[in-house]
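Residue 154 in full-length UniProt numbering sits at position 154 of the sequence shown, with consecutive numbering throughout. For every residue, glycine included, the Cβ atom is placed at its ideal position computed from N, Cα and C.
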Amino acid sequence: MRFKDQVYFVRENMKKNKMRIFMTVLATAMGTAFLIVLASVAFGLHGTLIKEILQQETINQVNIYGKEDAEGSGITDQDITYFESLDNVRAVKKSNRLDQAPQVVINDYAATADVVAVDFEALEKGGTTLQSGRYPRAANEVVVGVDFDQTLVEIGADDNAIYDEENERRATSYYQGKLVDQTLTMTIERQIDPDTFEEKAFPLTIVGVKEEPAEEWQRDQSVTISYALLQQFSDYTQTQNAALYPPDENMTFSYQEIALQSDNLEHVTALSETLNDEGYFAYSVAAELKQINLLFTIAKAGLVFIGTIAIIIASIGIFNTMTMAVTERAPDIGIMKAIGASPKTIKQIFLLESSFIGILGALIGTAVSYLISMLVNVGLPLILGTVFEDTVPEGFKFSSIPPSLVLIAFLICLIVTLVSGSRPAKKATRIDVLSALRREL
């Protein structure tokens, strides 16, 4: 019997018991949909997390938090020279935070500033861009955070003009003017003796505004200065990082935050391992990707296993359907054997029928899964926003169905249906020809 004839025979027999076949296909479709939707949650969360990590500016960076034999000296210029000599290092970003909170004034607005000194040349070399303006070229030029204007308060303003009844900042209380090219006066204090302090005003020029932070909840209200300007402040205060109070003992200047930016994501892990071997405490987000991927791989495998149980339960219906089909078609099987059909052909026919049921159920289940996934991604954020007043980040996916998941579901469904149909198919090959024909008569 040709394969085409086998397919025709299976189709005609399936039409005779439409309700039974429909219920069996429905059970298989439900099992497949359950598997795909369940696993799609892990795929969706994994994909969203990885996408968020890859969008971070720090993905190509290795952060260094010190070294084993530093003996309190921290990271020095000698270490910076070593970092710059390493292969695949695009830029060495270093920063120090001012050890006092100076007052800054723009026109009639003032604020207490968070001041950070950086190497602007390294930032440019590393590809860090500004929202507006340019990077400083002179010591008295600075860059401010994109939310810096929200820290400024009009000098002498009444509290009622700044805060509303719910103690929230009024939008009208913010500095409304432009920031770039504005003169910013920063007042640095120093201690003369335990009871005496004096201050000095440094006129500075804002030449740039930094980009928005990577996360919506983050705020950047800092003032970023050069190391040359930090040195001027330190010369005035006679302390490291312009500390208001001198330390108990003299300390060697060291960099507080160091980040090595690699020229390629592929080199980050190797660079991090090299630094750790050299005694530095290095950490990179990229190095954590392996652990994240492993964790989600385990979660995906577990959810697929749970979903497989649903398909196995559905396969009981396939087993019953095929067993009844063998019993009902015993006369047909007898005739087929009488005219020369081999046991192999008969077995193929019943396995083909069980495969049809499994594939049809998998197709329907997959279509339903995509529909459910779409509804989840659209509806769940609305529910969270309405009921819990929570805002889901833009682009966040609760469910994602990649082609690999569909392929896995199809293979599992096909294997399970073939296994469940193999015993009835084998039973069909053992039917006695005379007994089957006698029943027909």
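Item, Value
"Tell me whether residue 346 is buried or exposed, calling it buried when 16 or more other Cβ atoms sit within 10 Å of its Cβ.", "buried"
"So which of 107, 85, 119 and 82 has the shortest CA-CA distance to residue 97?", "119"
"Taking a contact to mean a Cβ-Cβ separation below 8 angstroms, would you say residue 268 touches residue 427 in this structure?", "no"
"Using 10 angstroms around the beta-carbon of residue 424, count the other beta-carbons present and answer buried if the total reaches 16, otherwise exposed.", "buried"
"Any contact of the region 27 to 35 with the region 360 to 368, i.e. 3+ C-beta pairs under 8 angstroms?", "yes"
"Would you tell me roughly how many angstroms separate the C-alpha atoms of residue 324 and residue 305, rounded to the nearest one?", "29 angstroms"
"Taking the C-alpha atoms as reference points, what is the distance between residue 200 and residue 122?", "29 angstroms"
"Where DSSP assigns a beta bridge to residue 143, which residues make up the other side?", "208 and 224"
"Would a C-beta distance cut-off of 8 angstroms place residue 401 and residue 43 closer than the cut-off?", "yes"
"Report the rounded CA-to-CA distance for residue 147 versus residue 48, giving the unit in angstroms.", "27 angstroms"
"Taking 8 angstroms as the threshold (C-beta atoms), are residue 233 and residue 188 in contact?", "yes"
"Given a cut-off of 8 angstroms, decide if residue 209 and residue 143 are closer than it, judged by their beta-carbon atoms.", "yes"
"Measuring only the C-alpha atoms, how far is residue 388 from residue 235?", "54 angstroms"
"Helix, strand or coil for residue 197? Go by DSSP, reduced to three states.", "strand"
"Quick one: measure Cβ to Cβ for residue 207 and residue 141, integer angstroms, because I've assumed they're closer than 8 angstroms.", "5 angstroms"
"Check whether the Cβ atoms of residue 284 and residue 61 sit closer than 8 angstroms, and answer yes or no.", "yes"
"Given 8 angstroms as the limit, is there contact between the region 404 to 413 and the region 303 to 320, that is, 3 or more CB pairs closer than that?", "yes"
"Output yes or no for whether 8 angstroms exceeds the beta carbon distance between residue 360 and residue 37.", "no"
"Taking one C-beta from the region 105 to 115 and one from the region 148 to 168 each time, how about it: are there three or more such pairs within less than 8 angstroms?", "yes"
"Classify residue 20 as helix, strand or coil using the three-state DSSP reduction.", "helix"
"Look up residue 104 in the DSSP assignment and say whether it is helix, strand or coil.", "strand"
"Between the beta-carbon of residue 322 and the beta-carbon of residue 356, is there less than 8 angstroms?", "no"
"Could you name the residues of the same chain whose beta carbon sits closer than 7 angstroms to that of residue 169, not counting the 5 residues immediately before and after it, in chain order?", "162 and 163"
"Using the Cα positions of residue 257 and residue 94, report the straight-line distance between them to the nearest angstrom.", "6 angstroms"
"Kindly indicate which three-state DSSP category residue 244 falls into: helix, strand or coil?", "coil"
"If you reduce the DSSP assignment to three classes, tell me which class residue 178 lands in.", "coil"
"Take residue 212 as the anchor and find which of 422, 172 and 129 has the nearest alpha-carbon.", "129"
"Excluding five sequence neighbours on each side, which residues of the same chain lie with their C-beta closer than 7 angstroms to the C-beta of residue 59?", "53, 265, 285 and 286"
"Do you know how far the Cα of residue 184 is from the Cα of residue 115?", "13 angstroms"
"Could you check if residue 79 is buried or exposed, using at least 16 other CB atoms within 10 Å of its CB as the buried criterion?", "buried"
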